[in-house]
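S.K.:
Residue numbers (my numbering): 506 to 619.
#1: Relative to the ligand ATP, is the shortest distance from any of its heavy atoms to the C-beta of residue 572 smaller than 7 Å?
#2: Taking only the alpha-carbon atoms, compute the straight-line gap between residue 552 and residue 546 and give it to the nearest angstrom.
#3: Short of 7 Å in beta carbon distance, which residues of its chain neighbour residue 544, apart from the five on each side in sequence? Order them along the chain.
#4: Is the distance from the Cβ of residue 598 to the Cβ of residue 579 below 8 Å?
#5: How close, in whole Å, do the beta carbons of residue 558 and residue 571 come, if the pair is a contact with beta carbons under 8 Å?
#6: Less than 8 Å between CB atoms is the rule here; does residue 575 satisfy it with respect to chain D?
#7: Leaving out five residues on either side along the sequence, give the residues of the same chain with a beta carbon under 6 Å from the beta carbon of residue 522.
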């Protein structure tokens with residue numbers, strides 16, 4: 506499972522080796538200053554926008570990919586029916602990150618400065 510953590514002035518989505526293969530990319534790093542909102546979603550599948558391009562996806566099982574749509578570019582690392590952290594961004598390489606983590610409430614609180 507991907508890990509979300511703060512590294513200085515950046516937010517990092519650290520992917521495992523197999524996740525990197527499945528997502529067709531390395532870790533995601535965005536400046537903290539680009540975060541406009543961070544929240545927990547009990548159903549991350551409803552948060553996914555656009556089409557998977559590139560990456561791995563099986564509906565309701567895994568979405569490990571860059572997602573592209575009309576003027577959007579998101580990154581998803583979503584697993585099963587577990588809740589996820591949803592991070593909206595402005596001025597970063599991605600517009601939104603949707604990441605399943607083991608303790609989404611604690612991760613969201615940390616990102617929100619709590």
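Glycine residues also receive a C-beta, built at the ideal position from the N, C-alpha and C atoms.
M.R.: Per the coordinate set shown:
#1: Among the ligands in the structure shown, none appear at all, so the ligand ATP cannot be discussed.
#2: In a straight line, the C-alpha of residue 552 is about 8 Å away from that of residue 546.
#3: Once the five neighbours on either side are set aside, the close Cβ partners of residue 544 are 591, 613.
#4: Cβ atoms of residue 598 and residue 579: not closer than 8 Å.
#5: Contact holds; Cβ gap of about 6 Å.
#6: Note that chain D does not occur in the displayed structure, where there is just one protein chain.
#7: Same-chain partners within the cutoff: there are none.
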